[in-house]
Amino acid sequence: MSTEVRVPTLGESVSEATVATWFKKPGDAVAVDEMLCELETDKVTVEVPSPVAGTLGEIVAAEGETVGADALLAMISEPGSSDAPTPAAPEKAAAKPKANSAETVDVMVPSLGESVSEATVASWFKKPGDTVAVDEMLCELETDKVSVEVPSPAAGVLNEILAESGSTVAAGGKLAVISGNADGVKASAPQAEAGKSEGGGRDVEDAPSAKKLMAEKGLSPDQVTGTGRDGRIMKEDVQKAGAAPAAAPTVPADDAAREERVKMTRLRQTIARRLKEAQNTAAMLTTYNEADMGGIMELRNEYKDQFEKKHGVKMGFMSFFVKACCHALMEVPEVNAEIDGTDVVYKNYVHMGVAVGTPNGLVVPVLRDAHKMGFAEIEKRIGAFGKSARDGKLTMAEMQGGSFTISNGGVYGSLMSSPILNPPQSGILGMHKIQERPMVVKGQIVARPMMYLALSYDHRIVDGKGAVTFLVRVKEALEDPRRLLMDL
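Be aware that the sequence shown starts at 716, since it is given in the working numbering, and climbs by one per residue.
Written out as structure tokens, the structure reads:
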């Protein structure tokens, strides 16, 4: 008896994941709840345990593949089962299209890429009656962006062309029909040899659209790098070559050997996409101020031992910033609001996002109803979030719904920065390192522990007056923590 291993629930609004690592290989024995593989979503890592004890049979989704929720990952043969772990190989081989004298094979439009539903038949390299070999190029399709080659799925004779040059075809549509011919491979050899003489002595023929464009641009095949099958030059290759600077410097050959190309994790891809979306969507502006941290430092030094003894957690700076921001957000509610179409959504609560750095990138767990929390609860929750983030155990629910974010670049030594908004939020506060600087206090120049504060905000919803008022209120609460106790 075989048991299916499927993708578990990935969380709200998450529909797919990438298979990051398989800890087992086909034929390995597995125990109940033993980890089989690890999946990566946009924000979290999900481990997939074995549902039963047995032997890992076929792995359906290899490392690097994208899988949807509840998709099949692998099969497990339970003890005593007659199922072999690798019976699928012969079946796969048998599934390859064949052609003989008694059957025909359809030539279909291949996958055209994400969000591309149709293409135009640019040219046919064969005509009805021609013999073709397996994987020999039959025609070329053009989409809005790229050219797609269509190889023969079987050896035989091109019987009928259903989509002529210039016609529009949909993804999965039928292009032609091939009749089986046992001698098809041998018969096509002379034609393949004839194609070698074209294209300047190379052993593949360039796409007709590429030849035409090279003639128009005055380029020779030697000046264009082909990205098609076996180095075949495609239309977009000519376009890239024509757009390239004539005197582009060449990269030393030995540089490539010293480089390492690593695929971006889904988390890093999501971070990159969301940060760029924030820049492109919001009218982002940053205002700055500075705060004298002496008052908080004195308070911490006086009460930190008693605080830790009573609450079992150390008193950090972050709880003061969370409390200060909560007070300021209540006074300037637009910084805690968001734009939804043509509406502004004001939130009568504070779900505070706290940015946490991990080896894989930045994540932002959320303190829900932070305005109702005390200092000890804030410190405990932040500590727990930090541990979960470093262990890759944060859930999607813990990172959704934030209304405002605090980011602390000071832990890395940053003196000043302009944080980027976390959409759809309208504000983010940047903390920085504490540095002693000469300040004028009551007419005297003294060294004070100062921190630069930065508030990035969406100018579409937050006016300059509101942004500056918010940051001044945060500064006042930090410089005189007693204001937090007095609700001032």
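Even for Gly, the Cβ is constructed at its ideal location relative to N, Cα and C.
Quick one: give me the first and last residue of the alpha helix (DSSP H) that residue i is part of.
i, result
"N995", "981-996"
"K1019", "1009-1026"
"T1073", "First-last for T1073: 1071-1073, but that is the beta strand (DSSP E), not the alpha helix (DSSP H)."
"K889", "Careful: K889 lies outside any alpha helix (DSSP H), inside the beta strand (DSSP E) at 889-895."
"L1199", "1197-1200"
Please report how far the alpha carbon of residue i lies from the alpha carbon of residue j, in whole angstroms.
i, j, result
"L1186", "M999", "16 Å"
"E731", "R981", "10 Å"
"L1199", "H1042", "8 Å"
"C1204", "K1087", "Absent from the model: residue 1204. The displayed extent of the chain is 716 to 1203, so no value can be given."
"N1123", "M1146", "5 Å"
"N1051", "F1119", "6 Å"
"M929", "L827", "25 Å"
"E749", "G1098", "29 Å"
"M1045", "G1107", "33 Å"
"M1114", "R989", "14 Å"
"P1139", "E1053", "6 Å"
"A777", "A837", "35 Å"
"V1183", "V1047", "10 Å"
"L1109", "F1090", "22 Å"
"I948", "D859", "18 Å"
"E951", "V745", "49 Å"
"S1129", "K1148", "6 Å"
"P905", "T846", "Residue placement at P905 is poorly supported in this model, since its pLDDT is 45, which falls under 50; the coordinates still yield a value, given next. Between P905 and T846, the C-alpha separation is close to 10 Å."
"E975", "D969", "13 Å"
"M979", "E762", "19 Å"
"S1075", "D1173", "Residue 1075 is actually Asn in this sequence, not Ser. In a straight line, the C-alpha of N1075 is about 28 Å away from that of D1173."
"V1060", "G1116", "13 Å"
"Q1150", "V1078", "27 Å"
"N1063", "I986", "28 Å"
"P802", "F1100", "At P802, the pLDDT of 44 sits below 50, so the modelled position is not reliable; the number obtained from the coordinates is stated separately. Their backbone Cα atoms lie some 45 Å apart in a straight line."
"E833", "P741", "39 Å"
"I791", "D757", "28 Å"
"D937", "K955", "14 Å"
"A784", "V767", "20 Å"
"L754", "G871", "43 Å"
"T760", "M1033", "26 Å"
"R721", "I876", "42 Å"
"V849", "C752", "36 Å"
May I ask which residues mark the beginning and end of the beta strand (DSSP E) holding residue i?
i, result
"R1152", "1150-1156"
"F1090", "Unbroken run through F1090 is the alpha helix (DSSP H), 1090-1105; no beta strand (DSSP E)."
"M1166", "1159-1173"
"G1076", "1076-1078"
"F1119", "1119-1123"
"S838", "833-839"
"G1179", "That residue, G1179, is in no beta strand (DSSP E); its alpha helix (DSSP H) goes 1179-1194."
"L1130", "Note, L1130: premise wrong, no beta strand (DSSP E); not H, not E."
"A1039", "Where A1039 is concerned, there is no enclosing beta strand (DSSP E), although the alpha helix (DSSP H) it sits in stretches over 1033-1046."
"L934", "Counting along the chain, L934 falls outside any beta strand (DSSP E), and DSSP gives it neither H nor E."
"L701", "Summary: the structure shown does not reach residue 701, with the chain confined to residues 716 through 1203, and so no result is reported for it."
"L873", "871-876"
"I1143", "1142-1146"
"S862", "862-866"
"T819", "819-823"
"V1059", "1058-1060"
"V849", "Where V849 is concerned, there is no enclosing beta strand (DSSP E), given that its DSSP letter is neither H nor E."
Among the candidates the options, whose CA atom is the shortest distance from the CA of residue i?
i, options, result
"M1067", "V1081, G1056, Y1061, I1054", "V1081"
"V1037", "M1030, I1121, R976", "I1121"
"P843", "P866, V849, V892", "V892"
"N1016", "G1031, E1005, G1125", "G1031"
"A663", "G1142, G946, S880, V1156", "Outside the modelled stretch of the chain, which goes from 716 to 1203, sits residue 663, for which no answer is possible."
"V747", "E793, T760, F1022", "E793"
"L873", "A784, K841, H1026", "K841"
"T1071", "S862, R1096, S935", "The question names Thr, but residue 1071 is Val in the sequence shown. Ranking the options by Cα distance to V1071, first place goes to R1096."
"L1136", "E818, V939, M716, K991", "K991"
"K932", "T940, V953, G941, G946", "V953"
"V831", "G887, T942, E1023, W839", "G887"
"G769", "V729, L1144, M716", "M716"
Are the CB atoms of residue i and residue j nearer to each other than 8 Å?
i, j, result
"L853", "T835", "no"
"Y1003", "A1169", "yes"
"S1103", "S1133", "no"
"S867", "E851", "yes"
"V734", "E773", "no"
"L771", "K739", "yes"
"E1094", "V1189", "no"
"V822", "V775", "no"
"P1196", "L1014", "yes"
"R1175", "A885", "no"
"M1131", "Y1167", "yes"
Runs of beta strand (DSSP E) lying entirely within the region 719-786, each at least 3 residues, in chain order:
731-737, 750-755, 760-764, 769-774, 781-783
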